[in-house]
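Visitor: Sequential numbering of the sequence shown, starting at 0, is according to numbering that gives the first Met the number 0. All C-beta atoms in this analysis are idealised placements derived from N, C-alpha and C, irrespective of residue type, glycine included. Computed from a predicted model, the values in this text were never measured in an experiment.
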Amino acid sequence: MLRIKSSAPTRIDLAGGTLDIWPLHLLFDNPPTLNAAINLYATVEIISRKDKRIILTSRDLGLSDNFPSLDALPDNHPLELIMRTLKFYAPKSGLEISTDCQAPQGSGIGGSSALNIALHGALNRFTGRRYRKAEMIEIAKNIETQVIKVPAGCQDYFPAMYGGVRKVVPGVRNTETEKFSISPAELTQHFVLCYTGKPRNSGINNWEVTKKAVDGNRAVIRHLKSIRDCAVEMERALSRGQLKSLAPIFAKEWKARKQLAPSISTPEMDRLIRAALKKGALAGKVCGAGGGGCIAFIVPPAQKQSVIEELTSKGGQVLPFRFVSRSLTVVASSPHA
0 MLRIKSSAPT RIDLAGGTLD IWPLHLLFDN PPTLNAAINL YATVEIISRK DKRIILTSRD
60 LGLSDNFPSL DALPDNHPLE LIMRTLKFYA PKSGLEISTD CQAPQGSGIG GSSALNIALH
120 GALNRFTGRR YRKAEMIEIA KNIETQVIKV PAGCQDYFPA MYGGVRKVVP GVRNTETEKF
180 SISPAELTQH FVLCYTGKPR NSGINNWEVT KKAVDGNRAV IRHLKSIRDC AVEMERALSR
240 GQLKSLAPIF AKEWKARKQL APSISTPEMD RLIRAALKKG ALAGKVCGAG GGGCIAFIVP
300 PAQKQSVIEE LTSKGGQVLP FRFVSRSLTV VASSPHA
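#1: What separation, rounded to the nearest whole angstrom, lies between the Cα atoms of Gly202 and Glu267?
#2: If you count every other CB in all the chains shown that lies within 10 Å of the CB of Ile147, and 16 or more means buried, which is it?
#3: Is Leu118 helix, strand or coil by DSSP?
#4: Run through DSSP, which three-state label would Thr209 get?
#5: With a cut-off of 8 angstroms on the beta carbons, I'd call Asp50 and Gly93 a contact; round off their distance for me.
#6: By the 10 Å Cβ neighbour count, where 16 or more other Cβ atoms means buried, how is Lys91 classified, buried or exposed?
#7: Could you tell me the boundaries of the beta strand (DSSP E) in which Val330 lies?
#8: Start and end of the beta strand (DSSP E) containing Asp12?
#9: For Lys178, collect the residues of the same chain with a Cβ closer than 6 angstroms to its Cβ; drop the 5 residues on either side in sequence, then sort them by chain order.
#10: Using the Cα positions of Leu237 and Gly283, report the straight-line distance between them to the nearest angstrom.
#11: Would you call the segment 2-10 and the segment 80-88 touching, i.e. three or more CB-CB distances under 8 angstroms?
#12: Using only the alpha-carbon positions, how far apart do Phe190 and His76 sit?
#13: Could you please give the first and the last residue of the uninterrupted beta strand (DSSP E) stretch that includes Cys153?
#14: Label Asn200 either buried or exposed according to how many other C-beta atoms from any shown protein chain fall within 10 Å of its C-beta, with 16 as the threshold for buried.
#15: Quick one: measure Cβ to Cβ for Val231 and Pro22, integer angstroms, because I've assumed they're closer than 8 angstroms.
#16: What is the rounded straight-line gap between the Cα of Thr42 and the Cα of Pro300?
#17: Which residues mark the beginning and the end of the alpha helix (DSSP H) in which Tyr88 is found?
#18: Whole angstroms is fine: what's the gap from Leu242's alpha carbon to Asp70's?
#19: Between which residues of its own chain and Leu1 is the CB-CB distance below 6 angstroms, once the five residues before and five after are set aside?
#20: Assuming Cys286 is part of the beta strand (DSSP E), what are its boundary residues?
#21: Determine contact between the segment 108-128 and the segment 283-293, defined as no fewer than three beta-carbon pairs at a distance below 8 angstroms.
#22: Could you give the DSSP three-state label for Asn123: helix, strand or coil?
#23: Report the rounded CA-to-CA distance for Ala35 versus Val323, giving the unit in angstroms.
#24: For Ile96, collect the residues of the same chain with a Cβ closer than 6 angstroms to its Cβ; drop the 5 residues on either side in sequence, then sort them by chain order.
#25: Could you tell me the distance, in whole angstroms, from the CA atom of Asp407 to the CA atom of Asn204?
#26: Should Glu185 be labelled buried (16 or more other beta-carbon atoms within 10 Å of its own) or exposed?
#27: Is Ile294 helix, strand or coil when you go by DSSP?
#28: Buried or exposed: which applies to Ser68, given that a residue is buried once 16 or more other Cβ atoms fall within 10 Å of its Cβ?
#29: Would you tell me roughly how many angstroms separate the C-alpha atoms of Glu308 and Pro183, rounded to the nearest one?
#30: Measuring only the C-alpha atoms, how far is Lys210 from Lys224?
#31: Helix or strand or just coil, what does DSSP make of Ala159?
#32: Per DSSP, what kind of secondary structure is Leu72 in: helix, strand or coil?
#33: Got a sec? Which residues, its chain only, sit under 6 angstroms from Val149 by beta carbon, not counting five neighbours each side?
#34: Inspect the beta-carbon positions of Lys278 and Ser305 and report whether they are closer than 7 angstroms.
#35: How long is the line joining the alpha carbons of Arg270 and Leu318, rounded to whole angstroms?
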């Protein structure tokens with residue numbers, strides 16, 4: 000019996016999100032997207048079977064199902080991402096797959112992408128395919144596009160695969176990534192992460208934004224240019240280790256993003272941001288697609304505790320976290336059956 004355990008970190012996006020979607024990055028001079036891995040992990044466990052049966056369990060979603068063989072996996076299913084990935088790797092034997100994610104559902108911190116990378120890491124080892132990290136990211140992105148039926152952005156896979164505080168730069172030839180030398184522990188002192196609940200369907204629709212940009216919508220193009228400029232400015236600050244420069248850029252990026260899609264925020268999120276700013280937070284920004292989910296705040300370390308207490312008193316759920324350098328981790332063992 001072969002047992003494989005893999006885990007990958009989720010992330011907080013700092014600047015440049017949405018522009019990592021093809022072909023937007025090509026239309027805006029290939030700007031960087033900046034993010035940082037955090038210690039809320041997605042995990043996958045695979046146990047081999049002697050028969051052909053496939054048993055799937057998603058602990059965080061509370062779903063489980065089983066099938067007599069790989070060929071019996073349906074096309075449409077709540078666990079479609081796992082099934083499509085299984086079909087791609089085509090393991091020779093049956094197996095049991097158990098998945099879990101510490102990030103709350105719909106939190107906007109890249110939980111599904113981290114789970115996707117953990118799944119690829121585990122299946123790549125299980126089947127002996129030996130895909131390189133860049134190849135696994137490309138495969139993961141393309142399979143996710145098949146599932147969500149619109150182009151998937153690429154930024155979320157990189158912190159899950161490589162960890163750390165990093166930039167992701169989609170280019171004409173390929174996507175490059177580089178880790179900043181900033182200490183994750185030092186950066187953690189300046190951030191608070193608050194979960195506001197599962198998002199509604201009113202969050203930003205990246206595909207609608209993409210279509211409007213391609214169609215030449217002037218307002219959308221103007222806001223995306225502002226987001227691009229913020230990403231370039233933040234890349235400069237991070238490369239120089241200037242943490243005190245981050246908050247004004249973070250605030251500026253949030254302003255542009257909110258104008259791009261007003262439904263990214265909710266009245267409750269706006270209230271929490273206002274409350275945190277009154278208690279000394281320097282800037283706040285909704286994570287990911289918004290409409291609910293998480294807000295990341297940049298705070299002076301001395302004000303961190305009072306901001307946490309204020310958010311909690313206003314009904315926010317502050318998530319304890321650390322920025323981490325840890326990347327995708329895959330461990331295989333062969334316990335006695």
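Guide: To lay it out plainly:
#1: For the purposes of this step, residue 202 is taken as residue 203 along the sequence shown, with counting starting at 1. For the purposes of this step, residue 267 is taken as residue 268 along the sequence shown, with counting starting at 1. Low confidence applies to Gly202: its pLDDT is 44, below 50, so where it sits in the model is not reliable, and the reading given next is rough at best. A straight-line Cα-Cα distance of about 14 angstroms links Gly202 and Glu267.
#2: The sequence position of residue 147 within the sequence shown is 148, counting from 1. Label assigned to Ile147: exposed.
#3: Position 119 of the sequence shown, counted from the start, is the residue given in the question as residue 118. Leu118: helix per DSSP, three-state reduction.
#4: Along the sequence shown, one-based indexing puts residue 209 at 210. In the structure shown, Thr209 sits in a helix (DSSP, three-state: H, G or I).
#5: In the sequence shown, the residue the question calls residue 50 occupies position 51. In the sequence shown, the residue the question calls residue 93 occupies position 94. With a beta-carbon spacing of about 5 angstroms, Asp50 and Gly93 fall inside the 8 angstroms limit used to define contacts.
#6: Taking the first residue of the sequence shown as position 1, residue 91 is located at position 92. Flag for Lys91 reads exposed.
#7: Reading the sequence shown from its first residue, position 331 is the one you call residue 330. Note, Val330: beta strand (DSSP E), 328-332.
#8: Numbered from 1 along the sequence shown, position 13 holds the residue referred to as residue 12. Element bounds for Asp12: 2-14.
#9: Locating residue 178 in the sequence shown gives position 179, where the first residue counts as 1. Within the same chain, and ignoring the five residues on either side of Lys178 in sequence, the residues whose Cβ sits closer than 6 angstroms to its Cβ are Gly163, Arg165.
#10: For the purposes of this step, residue 237 is taken as the residue at position 238 of the sequence shown. For the purposes of this step, residue 283 is taken as the residue at position 284 of the sequence shown. For Leu237 and Gly283, the distance between alpha carbons rounds to 18 angstroms.
#11: No, because fewer than three Cβ pairs between the segment 2-10 and the segment 80-88 fall closer than 8 angstroms, the two stretches do not touch.
#12: Residue 190 sits at position 191 when you count from the first residue of the sequence shown. Residue 76 sits at position 77 when you count from the first residue of the sequence shown. Their Cα atoms are separated by approximately 37 angstroms.
#13: The residue labelled residue 153 in the question sits at position 154 within the sequence shown. Following the DSSP letters along the chain, one finds Cys153 in no beta strand (DSSP E), marked with neither H nor E.
#14: If you number the sequence shown from 1, residue 200 lands on position 201. Bear in mind that the predicted position of Asn200 carries a pLDDT of just 48, short of 50, making it too unreliable to give a figure here.
#15: As a position in the sequence shown, residue 231 is number 232, starting the count at 1. As a position in the sequence shown, residue 22 is number 23, starting the count at 1. Wrong, their Cβ atoms sit about 19 angstroms apart, outside the cutoff.
#16: Translated into the one-based positions of the sequence shown, residue 42 becomes position 43. Translated into the one-based positions of the sequence shown, residue 300 becomes position 301. Distance between the alpha carbons of Thr42 and Pro300: 31 angstroms.
#17: Here residue 88 refers to the residue found at position 89 of the sequence shown. Tyr88 -> alpha helix (DSSP H) spans 79-88.
#18: Reading the sequence shown from its first residue, position 243 is the one you call residue 242. Reading the sequence shown from its first residue, position 71 is the one you call residue 70. Rounded to the nearest angstrom, the gap between the Cα atoms of Leu242 and Asp70 is 52 angstroms.
#19: Your numbering for residue 1 matches position 2 in the sequence shown. Excluding positions up to five away in sequence, the list reads Ser47, Ser333.
#20: Looking up residue 286 in the sequence shown gives position 287. No beta strand (DSSP E) holds Cys286; DSSP gives it neither H nor E.
#21: Contact holds: three or more Cβ-Cβ distances are below 8 angstroms.
#22: On the sequence shown, position 124 is the one that residue 123 refers to. For Asn123, the secondary structure class from DSSP, reduced to helix, strand or coil, is helix.
#23: Numbered from 1 along the sequence shown, position 36 holds the residue referred to as residue 35. Numbered from 1 along the sequence shown, position 324 holds the residue referred to as residue 323. About 8 angstroms.
#24: Within the sequence shown, residue 96 is the residue found at index 97, counting from 1. Excluding sequence neighbours, Ile96 sits near Ile45, Leu55.
#25: Here the chain comprises residues numbered 0 to 336, so residue 407 is not present and cannot be evaluated.
#26: Counted from its first residue, the sequence shown places residue 185 at position 186. Glu185 comes out exposed.
#27: Position 295 of the sequence shown, counting from 1, holds the residue named residue 294. Ile294 falls in the strand class under three-state DSSP.
#28: The residue you call residue 68 lines up with position 69 of the sequence shown. Classification of Ser68: exposed, given that the 10 Å Cβ count is below 16.
#29: Counting from one through the sequence shown, the residue named residue 308 turns up at place 309. Counting from one through the sequence shown, the residue named residue 183 turns up at place 184. Per the coordinates, the alpha-carbon of Glu308 lies some 23 angstroms from the alpha-carbon of Pro183.
#30: The residue you call residue 210 lines up with position 211 of the sequence shown. The residue you call residue 224 lines up with position 225 of the sequence shown. For Lys210 and Lys224, the gap between their C-alpha atoms comes out near 15 angstroms.
#31: For the purposes of this step, residue 159 is taken as residue 160 along the sequence shown, with counting starting at 1. Helix.
#32: Residue 72 sits at position 73 when you count from the first residue of the sequence shown. DSSP places Leu72 in coil when its eight states are reduced to three.
#33: In the sequence shown, the residue the question calls residue 149 occupies position 150. If we look at Val149 and ignore the five residues flanking it on each side, its Cβ neighbours are Trp206.
#34: As a first step, residue 278 is located in the sequence shown; it is residue number 279 there, counting from the start. As a first step, residue 305 is located in the sequence shown; it is residue number 306 there, counting from the start. Yes. Within cutoff.
#35: Working through the sequence shown from its first residue, we reach residue 270 at position 271. Working through the sequence shown from its first residue, we reach residue 318 at position 319. In this model, Arg270 and Leu318 are separated by some 18 angstroms (Cα to Cα).
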